[in-house]
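J.: Numbering (my numbering), first residue to last: 202 to 606.
In structure tokens, the structure reads:
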């Protein structure tokens, strides 16, 4: 913005705020007004309308592909606009520079969907080698040059198994071809498709002209998007060895997430555990997550200044922090819920036992007069039994005396 303000004042003799009102952002895109053919490239004057457009395209993407749970904060939306603008340009290629987890691949996929292009990526396995790589290159170049489809080749630095991969991409960026990639059997169907184009343009039919038309078709329809991290020494060596990575690409820097973005991501990620946090404490939890991440960034910078050693603090680290926090909250909530249930069950047992004891006590009290009456009757019966025993003893003595006489 400082450069823009200075340039506006020096070159155009007008203040920057006269062009872009204070508090607004200078953003252009071609999907601000939907359902236009061709798309209209225009300035965004209502940012909420742009947010709704991006959210709608994200919903469409998630319905057609594996869902991406993205938080579309301001910087992310602007990156989507930038990538869309690059892809709309003839021969537009992009070099996305940022640390892991900054959204380079996800936002590119969304931009490709918005632009209605076809996305092509390679799947790296343990056995992936030169042969598989050349087969993939044939596929993507055939899509662009033979079938005439607008295709985006998304490639990341983590997929560089061998440096020849970058050499081939460097050749595609600079000349649109990879030397000796196609053999005669591959070129036969391609030349058949290209021949009518040369005849229409009244160009002599020759193998050289046919292949040249095929390469022109590739350059017109293929768009390469490279996602790389600028922190490693390998990156610096690669851009020196393969200059087309910079010369033939538009560079888009993915800066560290601002505090508003961090808060928005935290709010979205913790939404499913929000019920386990008190409403008045939830904003404080969000602020705590942002503060922890920013404080680690600050200390890492100090660590670099003092010890000349770099500690990478990436968006992936922040997402890991939120994941740990969610896991801890869930485990503590589950533990406390189990303890609460045990306490409630114990209290219910005590209450039930107390009711049973009270019922037995009432029954005992109601039976007390009967027990007293029964006790008196038993005592009277015992006295009568004792008297009967004495009479029986006297009769027995008399009977024994009579028998002896």
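Don't be surprised by glycine CBs; every beta carbon is placed ideally from N, CA and C.
So, with DSSP's three-state summary, where would you put residue 454?
T.: If DSSP states are grouped into helix, strand and coil, residue 454 belongs with the strands.
J.: With distances taken between CB atoms, is the gap from residue 518 to residue 274 smaller than 7 Å?
T.: Not closer than 7 Å, so no.
J.: Do you know how far the Cα of residue 332 is from the Cα of residue 362?
T.: Spanning the two alpha carbons is a distance of roughly 12 Å.
J.: Following the continuous beta strand (DSSP E) through residue 295, name the residue where it begins and the one where it ends.
T.: Run containing residue 295: 295-298, per the beta strand (DSSP E) assignment.
J.: So, do the region 451-470 and the region 292-303 have three or more beta carbon pairs nearer to each other than 8 Å?
T.: Yes, the region 451-470 touches the region 292-303.
J.: Looking at residue 428 and residue 305, is the spacing between their C-beta atoms short of 7 Å?
T.: Going by C-beta atoms, residue 305 is nearer than 7 Å to residue 428.
J.: State the CB to CB distance for the pair residue 220 and residue 233, rounded to an integer number of angstroms; the pair is presumed to be in contact (CB under 8 Å).
T.: So it is not a contact: roughly 18 Å between Cβ atoms.
J.: Within 10 Å of its beta-carbon, does residue 326 have 16 or more other beta-carbons around it, so buried, or fewer, so exposed?
T.: Result: exposed.
J.: Please look up how many angstroms separate the CB atoms of residue 312 and residue 281, rounded, as I've assumed it's under 8 Å.
T.: Confirmed, Cβ separation roughly 5 Å.
J.: Going along the chain, which unbroken runs of the beta strand (DSSP E) with 3 or more residues stay wholly within the region 353-394?
T.: As far as the region 353-394 is concerned, it has no whole beta strand (DSSP E) run of at least 3 residues.
J.: Report buried or exposed for residue 224, applying the criterion of at least 16 other Cβ atoms within 10 angstroms of its Cβ.
T.: Residue 224 should be labelled exposed.
J.: Below 8 Å on the Cβ atoms is my contact criterion, and I expect residue 523 with residue 470 to pass it. Report the Cβ-Cβ distance as a whole number of Å.
T.: Confirmed, Cβ separation roughly 4 Å.
J.: Any idea what DSSP makes of residue 505, helix, strand or coil?
T.: The answer is helix: DSSP assigns residue 505 an H, G or I state.
J.: Put residue 324 into one of helix, strand or coil per three-state DSSP.
T.: Residue state, collapsed to three classes: coil.
J.: Hey, residue 279 and residue 228: beta-carbon distance below 7 Å or not?
T.: Against a cut-off of 7 Å, the Cβ pair of residue 228 and residue 279 comes out as a contact.
J.: Around the Cβ of residue 418, are there at least 16 other Cβ atoms within 10 angstroms (buried) or fewer (exposed)?
T.: Answer is buried; the Cβ neighbour count reaches 16.
J.: Among the candidates 302, 203, 209 and 284, whose CA atom is the shortest distance from the CA of residue 513?
T.: Comparing Cα-Cα distances from residue 513 to each of 302, 203, 209 and 284, the minimum goes to 302.
J.: Quick one, which of 559, 346 and 459 has its alpha-carbon nearest residue 498's?
T.: The shortest C-alpha separation from residue 498 is found at 459.
J.: According to the neighbour-count rule (16 or more other Cβ atoms, all chains shown, within 10 Å of its Cβ), is residue 548 buried or exposed?
T.: The residue is exposed, with fewer than 16 neighbouring Cβ atoms inside 10 Å.
J.: Which one or two residues does DSSP pair with residue 426 in a beta bridge?
T.: Paired residues: 295 and 355.
J.: DSSP state of residue 282, grouped into three classes?
T.: In the structure shown, residue 282 sits in a helix (DSSP, three-state: H, G or I).
J.: According to the Cβ coordinates, are residue 355 and residue 322 closer than 7 Å?
T.: The answer is yes: Cβ separation under 7 Å.
J.: How many angstroms separate the CA atom of residue 423 from the CA atom of residue 445?
T.: Answer to the nearest angstrom: the Cα atoms are 15 Å apart.
J.: Let me check one thing: in DSSP terms, what residues is residue 217 bridge-paired to?
T.: Answer is none; residue 217 lacks a bridge partner.
J.: By a C-beta neighbour count over all protein chains shown, 10 Å radius and 16 as the cutoff for buried, is residue 536 buried or exposed?
T.: Classification for residue 536: exposed.
J.: How far does the alpha helix (DSSP H) with residue 579 in it reach, from first residue to last?
T.: 516-605 is the extent of the alpha helix (DSSP H) around residue 579.
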